[in-house]
Amino acid sequence: MILFSLFMKCHYTHRSKEPAMALAMLSQKWPLLKIEDEQSSTSLWYGVTRLICYCFFPYTPNVLDVTPLSKANHAGGPLAEHRAPLGNAYTATNGSNIYAPMLTGCSIENVHFLYGDMIDQQMPVYDQSNDKQNILHIRDKIKLCQKMKSEIILEGIETQSTSVLNKVYTELYIVTCDSTSINKEHEVWQAETAHLKDFSEASVIKCQDIFKPAEDETIRCVVTKGIAGIGKTVAAQKLNLDWADGKENQDLDFLFLLSFRKLNLIKGWYSLHGLLQIFYPELKDINFKKMFDEHKVLFILDGLDESQLSLEFDEIENGLISDVSASASLDILLTNLITGRLLPGALLWITSRPVAANQIPRELCHRVTEIRGFNDAQKDEYFRKHIRDPEIASRIISDIKATRSLYIMCHVPVFCWMAVTVLQDILSKDNKSGPKPRSLPTTLSEMYIHYVMIQTRISFQKHRPMMSIKDIILKLGELAYQNLESQNVLFTEQDLTNCGISVMEAATCPGLCTELVELSHGMYHTKVYCFVHLSVQEFFAALYAFHEFENGRTDSVKALIKKRKGGTLLDFLKGALDSALDIKNGHLDLFTRFLFGISHDSSRALLQDILGNTTSGSECNKKLIGYIKMLKRKDLSPERCINLIHCLLQLKDHTILQNDNNQVSPSDTPPTPFQCSLLAYMFIMSEKPEEFDFRNNKTSEEAFRRLAPALLSCTRALLNFCDITALQCETVASVLQAENSHLTVLDLGHNNLGDEGVIRLCCGLRNPNCKVETLNLRHNHVGVGGVKAVCEVLTCPTSKLLNLDLSCNDLGDPGAELLAFALRTRCKLQALRLSGCLITLPEDVSSVLALRSESFQMKELDLSYNPLRYVELDFPRQLNLDHRGESRNNPGLQKYASEVTLDPSTVNVFLSLSEGNRKVTRQKKKQDYPFTEERFDECNQVLCKEGLCGRHYLEVECLHDVHIGMAYKELERNGAGNNVTLGQNAVSWTLYASKDKFYAQHKKIIHNLRLPEIKSNESYRTGVFLDWPAGILSFYNISSESDKLTHLYAFHTTFTEPLYLGLRLQSPTTTISLIVK
0 MILFSLFMKC HYTHRSKEPA MALAMLSQKW PLLKIEDEQS STSLWYGVTR
50 LICYCFFPYT PNVLDVTPLS KANHAGGPLA EHRAPLGNAY TATNGSNIYA
100 PMLTGCSIEN VHFLYGDMID QQMPVYDQSN DKQNILHIRD KIKLCQKMKS
150 EIILEGIETQ STSVLNKVYT ELYIVTCDST SINKEHEVWQ AETAHLKDFS
200 EASVIKCQDI FKPAEDETIR CVVTKGIAGI GKTVAAQKLN LDWADGKENQ
250 DLDFLFLLSF RKLNLIKGWY SLHGLLQIFY PELKDINFKK MFDEHKVLFI
300 LDGLDESQLS LEFDEIENGL ISDVSASASL DILLTNLITG RLLPGALLWI
350 TSRPVAANQI PRELCHRVTE IRGFNDAQKD EYFRKHIRDP EIASRIISDI
400 KATRSLYIMC HVPVFCWMAV TVLQDILSKD NKSGPKPRSL PTTLSEMYIH
450 YVMIQTRISF QKHRPMMSIK DIILKLGELA YQNLESQNVL FTEQDLTNCG
500 ISVMEAATCP GLCTELVELS HGMYHTKVYC FVHLSVQEFF AALYAFHEFE
550 NGRTDSVKAL IKKRKGGTLL DFLKGALDSA LDIKNGHLDL FTRFLFGISH
600 DSSRALLQDI LGNTTSGSEC NKKLIGYIKM LKRKDLSPER CINLIHCLLQ
650 LKDHTILQND NNQVSPSDTP PTPFQCSLLA YMFIMSEKPE EFDFRNNKTS
700 EEAFRRLAPA LLSCTRALLN FCDITALQCE TVASVLQAEN SHLTVLDLGH
750 NNLGDEGVIR LCCGLRNPNC KVETLNLRHN HVGVGGVKAV CEVLTCPTSK
800 LLNLDLSCND LGDPGAELLA FALRTRCKLQ ALRLSGCLIT LPEDVSSVLA
850 LRSESFQMKE LDLSYNPLRY VELDFPRQLN LDHRGESRNN PGLQKYASEV
900 TLDPSTVNVF LSLSEGNRKV TRQKKKQDYP FTEERFDECN QVLCKEGLCG
950 RHYLEVECLH DVHIGMAYKE LERNGAGNNV TLGQNAVSWT LYASKDKFYA
1000 QHKKIIHNLR LPEIKSNESY RTGVFLDWPA GILSFYNISS ESDKLTHLYA
1050 FHTTFTEPLY LGLRLQSPTT TISLIVK
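Numbering follows numbering that gives the first Met the number 0, in which position 176 of the sequence shown is assigned residue number 175; successive positions increment by one, without gaps.
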């Protein structure tokens, strides 16, 4: 009315210039009133009409979206002649609807209404009898309405600041995954381990491409899962916006976004037609049958995990529906829609948290995707988009990266938002306070404490409620605690009232408890509440529990915390830990973590206004750290072990992550996939993740894929003696192709790659992102096919490979020739090792190696242990031709076969030698041997006579319990202590073998091994391979039927003296024979 009064005043002030001048003046402030032709009476009166509508209907600008009728299409009479009942549409020449008040006696001409960046185009007048045109017209209306609704995003707090979605949106990391996988782990655990999953580029998919099929694939239903706060709803909103804005998925005629939060409020029976009209009233007069029969439609069902509907797919036969006009309860309606009984041609996108996603039968899920939040680059992008000051943004990124566990959690968008809130507040106050900056949070608990205090301070400054900050926080804590056991995350007004919180009081803390304003339809109008994130609820629950203990009210928190004897804080925290360890899905893991973090003195200082003055907990924390480390040695699942690690981190004890060599100890059972995830997690959390040592560990292909994050983080990967297969090479190749790969040294020696594995590996080595400079492929059964793939890498312009070891692969002269020509063509290689490769070096190969060009940069060539012809090779740099001869013509390890004999001067008196000192037998009676200082006087051992350097392969045949190993000559001989016994000191390495147990031992450290197939009371053969220059001593089990070698274990060290074969006979009937090859 004020606006209309201004118009009248302007009109009377400028009478000589007609009312158009008044409209022109007002349009400078309100562009909605703009008219193009001030001389047109039709335009003038249309402008007046626009003014009236704007006054009385200010929030419906789209109702005036019209352009002029052309003379050709104008019927010649006033619009009164074309009147229709209320609710029917008048149409301008572009097909747009006119919902303005009825006008009579005038024609509308020369009007061009501009709204935002949308400009109406000239189109013919619409004939309502044309259903197709009407459907498309209604679609355009829906698009306009959805664009307006979706372009604004409420970040983190429903009732607080908003942002333009396209300005702040950061692309999410979405991958396709196995539709058969069921994830029952706690969501916080999933949040922390999401980055440990397979990140193959082939599985990454963009949100707008989730319905794009592969070859011979039909995709109707896509299920996207992700933990709370990971961005599922925002992804759905962005897809809706891009469709409405004409940017993506324009093959879709209609897109209907339905939230389960709002569907929960719909009561009674509805047809699909009727249900959609509740959310999309524009569909009221559409021909529904034609819309679905002739147009492509996508339904987005967002938030399946919040559904209160019972989707009974097993009982669908009791409620089959195939007609869009048939009414049914909402659960039956949606069940039929998901199964395809109703609208089989429609597309469905269902979003859900992981556990609830399992409600959808697997056969109905044509594609399953998972939102994993942000990768590292996307985290940085998010921070820079949300922080206006580039300098502050850079500092926050640097600070958050300094605490690895916090940076990892930032892959969850909600946590990113919390981190921005906290760190911006701290840094802005530091700039004002001067030279004494506040310390930044270094633990998860401290981050949440800062967040809670900031949000409450902001809210109280704005609302000034009757209750104190302390009272509201503790009442919210009670609400969180009472609902944690039942895993309830949505609360009604009654739930708030039960905890003494009014709706108004809850509204004063919008950053803590979010109001979800639900759909109002008919008589139904409901509001529900939840915490900003599941982790915030668990923090409040922990804070409440700690406060109750401090005030002697332990009975109020006994539901989640086991009661122990004694009433100390240590007993209380132990009880909480015991409760968490008893729950298999980790439901109380984060609650326990927060409880431990709050107990630390630094956290208590931050919470002093809520907890009051408390006694120091440093002594309690020390005892608790010891208790946790004791629990870690018990038989706990990997999930619980990781939570123990986090509990220690909350207590600011980092010793568990301090593994100097980052080496994994092998065991008698292969590491499981989850254990490999744990290993990768611990590795990337360590302070210096440079060398990843997985030697001697054999695992499944799935488990090996879990190691990818560790391989991505390290610069040196030691993967020899891991029995790596060709398929596992794909995991390594995917790591090499990643932009953020740091790997420069890759040791894959002594595996079973074969040509196929090498070919797959080379796909990664050829990638421009690959940074590998040193590659070890020795003992991998590589043939000519594999060499060809390697040569393609060597001649690739982007290759960074400088050192290549192909030793102990039977390449022969054909392989050597391929390598020689690759070196001559274009190659940066500086060192090539072809030791023991069955190369005779014919003249054509030697002549190529002798040629030198500008591109030839090789400084070292190793051709030792080959059956070379006696030719002189003109190679100007370091050349190794040692140990050549005809004996090197044997394949595999046989080319290193050596003969040794046992030394009678070292044999114990209860051992007897025979067969030319090649067999030793344990005796019950002492043997008559002369005294020597070299003899083992008490230990049943014997050494061989020959000291070994270089490469040697030996075979022994054993019966019953034996120790087979190598030792320096300095091994002590007197007594039976550790300094004498093989494997129990620093100068000997041994393998213990029996029908019941196998283990390797050095310095008394035992590595249990998997038991090979050995028949009872039958002798078995063991192979011993010494590569003295490489520092490798390895043992093999030899099949009695096929002579196949199965690797058992390998020691890796630096040998400084010649080694002597050592044997120890443990059982009274033991015999060992040296086999002559």
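For glycine and all other residues, C-beta sits at the position ideal for the given N, C-alpha and C.
Under the three-state reduction of DSSP, THR773 is assigned to strand. The continuous beta strand (DSSP E) containing TYR1059 extends over residues 1059–1064. Closest option to LEU580, judged by alpha-carbon separation, among CYS640, ILE472, LYS224: CYS640. Of the candidates VAL221, GLU247, ASN808, PRO389, the residue whose Cα lies closest to the Cα of LEU347 is VAL221.
Contact check between the stretch 447–462 and the stretch 476–491: fewer than three CB pairs, one atom from each, fall below 8 Å, which does not count as touching. Per the coordinates, the alpha-carbon of PHE539 lies some 45 Å from the alpha-carbon of LEU718. In this structure, LEU1008 lies near TYR1048, with their beta-carbon atoms less than 7 Å apart. The way I'd put it, the stretch 247–267 doesn't touch the stretch 387–397; fewer than three beta-carbon pairs between them come closer than 8 Å.
Counted as a single uninterrupted DSSP element, the beta strand (DSSP E) harbouring GLN1000 occupies residues 997–1001. Secondary structure at ASN879: strand, using DSSP grouped into helix, strand and coil. DSSP places LYS288 in the uninterrupted alpha helix (DSSP H) bounded by 287–293.
Distance from LEU793 to ALA821 at the Cβ level is roughly 5 Å; contact confirmed, criterion being Cβ atoms closer than 8 Å.
Non-local beta-carbon contacts of LYS295 in its own chain, meaning distances under 7 Å to residues more than five positions away in sequence, involve ASP250, LEU251, ASP252 in chain order. Taking all protein chains shown into account, ASP600 has fewer than 16 neighbouring C-beta atoms within 10 Å of its C-beta and is therefore exposed. With distances taken between CA atoms, SER699 lies nearest to PRO672 out of GLY625, PRO672, ARG917, ASP322. Here PRO412 is buried. Its C-beta has 16 or more other C-beta atoms within 10 Å.
Counting only runs of at least 4 residues, the stretch 559–596 fully encloses the following alpha helix (DSSP H) elements, listed from N- to C-terminal order: 568–581.
Between ASN984 and LYS996, the beta carbon gap of about 21 Å keeps them out of contact (Cβ cut-off 8 Å). TYR991 is positioned such that its CB atom lies closer than 7 Å to that of HIS962. A buried status is given to PRO353, since no fewer than 16 other beta-carbon atoms sit within 10 Å of its beta-carbon.
The shortest CA-to-CA distance from GLY811 to any of LEU867, CYS769, ALA788, GLY230 is the one to LEU867. Taken atom to atom, the span from the alpha-carbon of LYS924 to that of ASN1016 is near 23 Å. DSSP lists no beta-bridge partner residue for LYS211. In this structure, the alpha-carbon of CYS807 lies about 6 Å from that of SER834. Under the 8 Å Cβ criterion, the stretch 758–765 does not count as touching the stretch 1037–1051, having fewer than three qualifying pairs. Take the alpha-carbon of HIS272 and the one of ALA345: they are about 14 Å apart. Beta-bridge pairing by DSSP links ASP322 to no other residue.
Between the alpha carbons of LEU837 and CYS415 lies a distance of about 58 Å. Burial state of ASN939 is buried, judged by a 10 Å Cβ sphere holding 16 or more other Cβ atoms.
Per the DSSP secondary-structure output, ARG1020 pairs in a beta bridge with GLU956, ILE1037. Collapsing the DSSP output to three states places GLY476 in a helix.
Under DSSP, TRP348 shares a beta bridge with VAL221, ILE299. Annotation: SER913 to PHE1034 spans about 24 Å, alpha carbon to alpha carbon. In the three-state reduction of the DSSP assignment, TRP242 falls in the helix class. For the set GLN145, GLY225, SER149, the Cα lying nearest the Cα of VAL174 is the one of GLY225. Separation of the CB atoms of ASP804 and ASN775 is rounded to 5 Å, and the pair is thereby assigned contact status at 8 Å.
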